[in-house]
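Okay, structure first, notes after.
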Amino acid sequence: MNANPALLSEIYEVIERYLSAQGDAPADWVTQDIVNRHNRIEGPDADFCLERTYDNIRDEVRRAIRRYDISAEGEADPQLTMEGFERLQKVYSVMRNGQSVAVRVELMSDAELEAKEIELERFAAGSIEHRNEIRRYRLQRREAAE
């Protein structure tokens with residue numbers, strides 16, 4: 045299920061505000077910020093509604109932060125690419141204390157950057173292996189047909 049455009053806009057606005065203010069945007073903080081803006085629920089089911097609202101918004105925030113994950117796509121997103129680079133992103137998604145966090149690249153630790161390097165090396169190796177298997181399958185299929 046896709047979030048409504050107004051909610052996504054609000055999520056990205058809050059993420060950008062945190063990134064500008066402190067350099068990172070923890071998913072839980074972004075979620076709580078948005079829930080706090082919309083917590084005027086009253087009645088006997090208020091607690092239930094707030095809990096479900098929190099869960100749903102948290103899921104959408106996590107999806108939004110995954111936008112900053114490394115992509116195996118051929119094209120880099122120009123909005124995410126740091127000026128002067130072809131692929132280096134301005135922000136990456138990392139795990140900190142078991143939580144998904146969007147972090148400006150200049151504030152990432154060496155260990156976090158090295159983890160991204162390793163992730164990319166694995167993507168590259170997996171892509172080459174996948175390409176080789178497709179090629180092998182295609183050639184085997186051609187041989188079998190002859």
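For the sequence shown, the numbering used here puts the final residue at 190, and the numbers step up evenly by one. We put the CB at the ideal spot given by N, CA and C, even for glycine. From a predicted model like this one, the values you see are computed outputs, not experimental measurements.
In terms of CA proximity to Ile78, Glu57 leads the group Glu57, Asp91, Glu165.
By the C-beta density criterion, Tyr136 is buried, having at least 16 other C-beta atoms within 10 angstroms.
With contacts defined by Cβ atoms closer than 8 Å, Ile109 and Ala146 form a contacting pair. Using a Cβ distance threshold of 8 Å, Asn83 and Leu94 count as a contacting pair. Shortest Cα-Cα distance from Glu163 to any of Asp72, Gly67, Ile114 involves Ile114. Across the structure, Arg102 and Glu161 are spaced so that their CA atoms are roughly 28 Å apart. Scanning the segment 117-171 for uninterrupted beta strand (DSSP E) segments of 3 residues or longer gives 135-140, 143-148, listed from N- to C-terminal end.
Nearest C-alpha to Glu54 among Pro70, Asp68, Val74, Gly67: Val74. Restricted to the segment 64-114, the alpha helix (DSSP H) segments that are unbroken, complete and at least 4 residues in length are 71-81, 90-109, listed in chain order. For Asp68 and Phe92, the gap between their C-alpha atoms comes out near 30 Å.
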